[in-house]
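Worksheet: the structure to be examined is printed underneath.
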Amino acid sequence: MKIKFKLNLWATIVVAGLASMLVACDTSTEEVVVSAPLFKVGQAVSTKTPLSGSIKGTLLSDSTYKVGGDVFINEGDTLVIQPGAKIHFPGDKPYCFVVKGSLLSLGTEAKPVYFTVPSVAKTDILGADPTTDPAYKGFWGGIYGETTFKNIIIKWTHLEFGGGKLGTSPVSYMANGATSYVLSTKNPDGILVLEDSWMYGCIDDPFRPFGCKFNVMRNTFEKGGFTGGESMNIKSGNVGIFAYNLIVGSATNGPKASNNGGVNPQTNVQFYNNTIIASGFRRSSAGRGGSINFEEGSRGVYYNNLMVNCKYGPRIVGATANYNGNALVVADTANIKGGYNYCYVDSLKIANEIYPTGFATKPSVNDIPAPNSFLPATYKPGAVYDGSAIVGKNNPMFVNFPLPQTTKKMGDVSFVGSFNFRLQATSPAIGKGYTGFTPLNVVPVSATFGSSAITPPNKDIGAYPSDGTGNKH
Amino acid sequence: MSRKYIFLLLLSFLLSFNAFSASFKGKIKDAKTNEPLVGATILLKNTKMGSIAALDGSFEIKNLAVGSYEVVIQYIGYEPKSAKIEVKTATQILLSDFLLNEQVSQLAETIVSAKANGENDEYARKTEQKSDNVLNVISAKTIQLLPDITVGNILQRVSGVSVVRNSTGDGQYAVIRGMDKRYNYTSINGVKIPSPDNKNRYVPMDIFPADLLERLEVVKALTPNMEGDAIGGAMNMVMKSVPDYLILSATATTGYSQLFSNQPFAGFRTKDIQFKSPSEIHGNLYAAKTTDFSIKNLQYKNVALPINSLLSLSVGNRIFNHKLGFLLGGSYQHTYRGSNSSFFNLNGQPSPDPLPNSPLIESVQKRIYSNEQARLGLNLKLDYAFNSRNRISLYNLFMQLDDWQHRHVLSNQLTLFGDVGNNDRSVFRRQNIYNSTLQGEHTLAKKLKFNWSTVYSLAKSQTPDWTDQSVTSRTSQGLDGKPIESARYIDNVSHIWTHNEDRDLTGYIHLIYSYSPTIEFSSGGMYRDKDRSNFYNNYSLATVLPGGERQIFTSIEQTKFTFRPESFAYADSTNANNYTAKEKIGAGYLQAKVNISDWQILGGVRVETTNQSYVSQLPVTATGKTGKISYMDILPSLHIKYKLSERENVRISYFKGITRPGYFEIVPATFPGEYFNESGNYKLKHTQADNIDLRYEFFPRGNEQLLLGAFLKNIKNPIEFGFSEFGNSNFVYTPLNFGTAKNYGAEIVFTKYLKNWGVSGNYTYTHSRITTTKRIYGRDTNGSIVNSLGTQTRPLQGQSDHIGNLSLIYKNSQIGLDAQLSWVYTGKRINIVSPYKDLDYWQRGTSQVDFSTEKKFGKTHFSAFAKLTNLLNNPIIVEVLKPNTNQNLPDQTRTDRILVQKDILQQSYSFGIRYKH
C-alpha cells in the first residue's frame, strides 16, 4: 500500500525515520533533525528464551519472539512491543497474553507488529471450504485484559490464527476448555485501543470485550468465526466507537452490541463509517443477523455504514407485540439512533432482509436505497416487504470488487486479498453521510497510551471516505 | 374413574358394620400398662367363632346363639386367659374387658422389644416416647401400607418434613423443618453414609427402596454421641434387623403409570455404551474419532404400556445354637416413570422496563420425560453372640439406582417466526452406595459397656455418554404473511462422561459407664477419612458439512459427524468440574444422663474438628488452585424430659449443630455464564446454629399419640448464593454467608383409633427469614440501564409455611384388611432462588392423595395389596410472583404471577402379592 504524506492530524504518530528524510535547508546554521528513540519501558526482553510467565519491559523492534507458555503482564507492569516485532506462537498450544497491567503493541504502517503462527499459511481462495481453512482452527489463544488491566493499545498489528480451544485457562473469566477469543477484556475502566490493525480468523468471536472503554478504528477483520461469531461482540460494561473498519466475511455480524453480562455501565456504542462485506453466511443457526446488531439493553448509534451482500441489514431487537419465539431480547430501543446506512444486495432473499423481518429497525429517509423507493407506505418495522426493486441497485462502485458479486455464493468472499473497497469518485456513497453527532471520547489521545485520534464521522459513507481520513489499509 | 373406585371401596368397608343379634364385646389390654393388645385372639371354645383385637384393643363377636361359652384369650408373650360367658337372649350385648399378664421371661427388655416389635407402630411410638431426644419414627408396618416404594417418598409423611422432587415427581431430598437438604444428613443404622452427588454432601433419598427398612427415624435434636452436622435433622434408616426365629417374607408387585396409557414411553438402550470416555481409554492426547461415539442412545423406541415389576425378599434366622443371626434383604424395582412439563424459560436477565427486574419470557417449551429406573437394594446383617457379654455384627449394604432418562423438548411452541428446535437428551446414570460396617458390643465390666464400629463406604455416580441432540428449523414469514418453514437441520451433538466417587472410612467408639441405675456417663469419638474424585469429559461432534453448509436432518443413523475444528477431538480434560476433595473429621464427646424421679436430664458436649481440602483445575497462576480449610466446633447440648405421667412427657432441649459447605462450594473454579460468572468460594464459612425444641407428648394407647412441639433456630452464617465483587464492577455469583437467619415453627402430630378406624396426621408451621444480596437491573435517573445490588428478605429455600399429612386408616385384623387414604400437603415454597431481587421461583402449594389397601387371604401366609398414587393428578406449578402480561399464552391464567413450570405426573397403580412367614 502507498504511503501518503499527510502530516496534518497524523503528524504526531509519523514514524521517526521519515523525519530524517527531510532535507536540511542550506543556511549557515545547521538544522539537525534526528529520529526520536523508539518508545521503550524497562528492560529489553531477550529473544533467546521463549516468552512465558510474567514479563515486563520491551519487545524490541524487528525482533522475533517465540512464545513458550502463557504470558502474564502483572498489575502495574507494562509490556511494550516496538514496531516490526514478531510474536510467534508454536501453533500446537493455546497460549494467551494475560494483561493485568498494560500492553502496548505499537506497530507502524511501515513496520507492523505480528502475532502469528509461522507454521501456518493463509489460504485465501474464493469459495474455499471453511471446514478445511486454517483460519477457523485457532492455533493460539488470545490477548486478555484481566479485571485489573489498564491499557491494551494495539496499533498496526496483525492478529492472526488465534482464538483456539483453551486448555487450563489462564484467564479468570474464561473456562478451561473454552473456545478463546483473540482479544477480550473485563474491566470497564480499562482502555482498549485497536487501530489500523488486522484480525484474521477465529473459531468464535475474534473480539469480545466484557468491559472496557474502547476506540476501534480503521481495522480490517477477515474470516471472523467458523460457524458463528461477530467481529466485535460487545457485552455489558463497554463504551466506545467502532468506526472506519472493513469487515469481510464475518460468520454472523460485524459489530454486535448487547448489555448482557451484568457489568456496569450500560453498553453504549457508536458504529459508524464501517464497510461490511458478505457477512452472516457462516452462522450455523439461522437468523442471528449479518451486519450490525443491537440487542438486549444495548444503546448507541449506527450511521454511515456501507453493507454489501450481507445476510441481514442492521438489526435492532425490539419489543414486538406478539411473542415471536426468538431468544433475542429487546435492545434499549429508546436510546438507539441510526440512519444514512447503505445496503447493496444482489439477491432477492437478502433484499427482503435489509430491514430484517420481525425486528425493530426503523428505516431512515436518508438510508440508501431510499425506503420510499421500495417499501409500501404502510410499512411498519419488522413487516415483510418485497425487495425485488432494490436487487442490484445503488452499486457503491468500489475501486476493485466486482458487483454484482460473481462468486457462486455470497458467503464465498471472506478476505480482502486484491480487492479494494475504496470508493470510486463517482460512487453514490460519497457525500451521503451524516456528521451531526459527537463521537464518544472515552479513551485518551496519545501516541503510546491512547488512540492516535478520535476520527469524527464523515460526510461519505463507508470505511474509505474520499478525504482519506478513514481506513488506511 | 379412579376416584369412583375409592368411593366404592370405602362404601364396602362401611357396609361391613351391621349387626342386629346377640354379641360379645370388650377390650383386651395389658394388665400392667393398660395398653391395648392389638391382634390378641379371643376364641369361643368348641366353636368356630372368635375375633382379633382391633387397634384400640376392642373385639366383637357377633351372631351368638343363646347358650354358654368358654372364652380363651391369647397373645404372644402373655399368659393366656380363659373365662365363661352366658348368652341369655338373642339381642343381648355382653360386655367384658380382659387384662393379660406378661409372661415372665428374663430377656433384656430392650432386646425383646427390638426383636419382637421393631417393625410395628407400637414400637415406633415407644421409641419416640422413650428416646432421649426429639424424633419421629415411621415403622415398617406403616411403610408397608404406604403407597411409597422409595424412602424419598416416605419422608414426606413425616411430621415437619417435605420433599424436593425429581423430574418424575418422586421425592429426592428432604426439607426438614424448613431447612433445605444441605442442613440435613442421612445415616443407615446410625452410621452416616456418603453421597453419590458430585458436589454435595446430601444423599438422594430416591436410591433407597422402602421395603428394606425396619423403620425410618427423623431425629430433630442431636445428642452429643451423634454426628453434629445437622441443623434441620438427621434421617436415620434402620434396616431390617436379625430376628430370633425364622422369618421369610416376599412380595411381587406389578403396575403401570397412567401417563403411558395416554402417550408412549420413549426409551433408549445403553447396550453399546462405554462406561469410559475415549480419553479415559486412550489417554488425554488421543484425538477421538467419530466412530468412538455410539448413536444407540439416540435411537428411541416407543413402548405402548410399559409394566413395572417389583420384587422383594427377606429371610432371617438365628442358627448355631442361637449364636449366629442373619438377615438378608433384597429389593429390585424396575419402573417406568415420566412427566409432561410446560416450561416457560425466563431470560437470564430481566428487563429494566417497565419496572426494574421485569421478567421476560424467552421461550415456551414442552418437556416430555421418559424414565426407566432399575433400583436394586441388598442388605445383609450378620451377628454373632460369643456370650451374653460380647457380640459382634457385620452389616453390608449395596444400593444401585440405574436411571435411563430421555428428555424430549419441543421448544418455542408458540413461535410465529424464528427458530424452532427439538431437543432429545439421553442420560443414563448409575448411582451406587456401598456400606460395610463391623460392630462390636462388649460388656467390659458390670457397669461398663464398650461399643465400636469400623465402617467402609463407597458412594459412586456414573453418567457415561450423556448425549444431547437437537434439530432446528426456522419459520419465516412469506410475502403473503404466512409462515414458511425451512428444512430441519441437525445441530452439533454432545457426548459427556462424568463419574465421581466418595470413599469413606470411619471408626466410632463409645464407652458407657453406668454409675448407678439412674446415672450414666458415656464418652467416645469418631474419625473419618474421606477421599472424593470427580471426572468430567465433554466432546462436541460437529455436523457442519464440507463447504460450511448446515446438515439437513433425516435420521440420526444418516447423520455425518466430524470434529471441526480438529482440536475439538481432544477431551477437555481440564474442565473445571474435574476436582478431588479430601476430608478428615475427628470428634469426641462426653455425655451424662441422669434420671431423678420424673426428670431425665441428658447433656454433654461434642467437639468436632474438620479438615477439608481440594485440588482443582485452576492454573497455578491463579489463587486457590489447591486449598485446605480446617476448623473446630464445640457443640454442647442439653435434653430435659419431664414425665408428666406414665403416658405424657414434656421435653425441652437445646443443641448446637453445624453444616459444612459442599465439597465443590469452596473450590474457586469459575463457570462463565452469559449474565454472570459462577464460582466457588474458599472464604465460605461453615454454618452454625443454636436450636431449641419444646415438645409435649401424650401416648394414650400403644399406637396412638399426640405430639405438640415448637422449635427455634438461630442460624449463623447460612450459606446461600449471592453476588460478590472481585474487581471493578465485576461480580461473581458465589456461595456466601449471609449474617444470621431465623427459623421457628410449631408442629402437631396425632394418631387416634376408634375400633377399626384410625385417623393420623401432622401439621407443621414454619417461619424463616434470611436477607441476601441480589441484583437489580433497572435504569438510573439519566435513563441508562444499570445493574445494582439490593437486599431481599425471604424464607429459606424449600421452606413452606404450612405442611401437613392426613390419613384415614382402616384396619381389620379379623378379616385381614388394611386400607389407607393419605393426603399430603406441601405449602408454597421457594424452589429456586433467583440471583435477581424478587424473581424467585415459587412452587404453589400442592396436594397429593394416595390410596393403598392390603387383604390377607384367610389363615394363609399370603396377602394381596394395591397402591394407587397421585389420585388427584394435581400438577406441580412453579411461578414467579410478578405481574403477568402474557395472558395470551397458555397456562398463564393469572395477572399477578407468571407461571414458569407446570408438571403433570398422572396417577400410578400397582398391585402385588405378599408372602410372610
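From first to last, the protein sequence lines stand for chains X and V.
Take the first sequence: its position 283, counted from the start at 1, is 283 in UniProt numbering, and no numbers get skipped.
Take the second sequence: its position 787, counted from the start at 1, is 787 in UniProt numbering, and no numbers get skipped.
Glycine is no exception: its CB is placed at the ideal position from the N, C-alpha and C atoms.
Excluding sequence positions up to five before and after N259(X), its CB lies within less than 6 Å of the CB of S236, Q266, T267, E296, G297, S298, all in the same chain and listed in chain order. In the three-state DSSP reduction, Y508(V) falls in the strand class (E or B). Close to G225(X), with beta-carbon spacing below 8 Å, lies no residue of chain V; the smallest spacing is near 11 Å. Counting only the Cα atoms, P314(X) lies some 15 Å from I234(X).
In this structure, the straight-line span from the alpha carbon of N575(V) to that of A178(X) is close to 9 Å.
Annotation: P90(X) to N236(V) spans about 59 Å, alpha carbon to alpha carbon.
Bridge pairing for N341(X): absent [DSSP].
Cβ neighbours of V445(X) within its own chain (closer than 8 Å, five residues either side excluded): S451, S452, A453, I454. DSSP places Q144(V) within a helical segment (H, G or I) once states are collapsed to three. The straight-line gap separating the alpha-carbon atoms of N714(V) and R430(V) is approximately 38 Å.
Looking at the DSSP output, C212(X) shares a beta bridge with N238(X).
Apart from sequence neighbours up to five positions away, the residues of its chain that approach P835(V) with a beta-carbon distance below 6 Å are Y733, R775, ordered along the chain. The CB of E725(V) never comes closer than 9 Å to any CB in chain X; the least such distance is about 10 Å. A straight line joining the alpha-carbon of Q688(V) with that of R157(V) spans about 28 Å.
Among the residues of the segment 540-568 of chain V, those with a Cβ less than 9 Å away from any Cβ of chain X are A542, T543, V544, L545, P546, G547, G548, R550, T562, R564, P565, E566, S567, F568, in the order of the chain. With a 10 Å radius around the Cβ and a threshold of 16 neighbouring Cβ atoms, P37(X) comes out exposed.
A direct Cα-to-Cα measurement between N371(V) and L871(V) gives close to 20 Å. Around G417(X), the same chain offers D124 as residues with beta carbons nearer than 7 Å, after the five sequence neighbours per side are excluded. Taking 9 Å as the threshold, the shortest C-beta distance from Y136(X) to chain V falls below it. S279(V) has its alpha-carbon roughly 36 Å from the corresponding atom of K86(X). Judged by DSSP secondary structure, Y123(V) falls within the alpha helix (DSSP H) whose first and last residues are 121-130. Contact between S342(V) and K366(V) holds: CB atoms are separated by about 6 Å, below the 8 Å threshold. One Cα belongs to Y777(V), the other to T333(X), and the distance between them is close to 16 Å.
Using a Cβ distance threshold of 9 Å, S630(V) and T659(V) do not count as a contacting pair. Contact of G478(V) with chain X is assigned, a C-beta pair being separated by under 9 Å. When DSSP states are grouped into helix, strand and coil, D30(V) belongs to the strand group. Interface criterion met: the Cβ of Y777(V) is under 9 Å from a Cβ in chain X.
If only uninterrupted beta strand (DSSP E) runs of at least 3 residues are considered, those enclosed by the UniProt domain "TonB-dependent receptor plug" (130-234) of chain V are 135-139, 161-165, 171-176, 184-188, 213-219. The Cβ atoms of I634(V) and V607(V) lie closer than 9 Å to each other. Of all alpha-carbon atoms in R389(V), L821(V), R165(V), P546(V), the one lying nearest the alpha-carbon of A128(X) is that of P546(V). When the Cα atoms are used, K271(V) and Q172(V) turn out to be separated by approximately 27 Å. At a cut-off of 9 Å, the C-beta of G481(V) has a neighbouring C-beta in chain X. Legend: CB atoms of the segment 185-196 of chain X lying less than 9 Å from CB atoms of chain V belong to residues K186, N187, P188, D189, G190.
Cβ atoms of V263(X) and P188(X) come within 8 Å of each other, at about 6 Å. Taking a C-beta distance under 9 Å as the contact criterion, V471(V) and N423(V) qualify as a contact pair.
Listed in chain order, the alpha helix (DSSP H) runs fully inside the segment 707-774 of chain V amount to none, counting runs of at least 4 residues.
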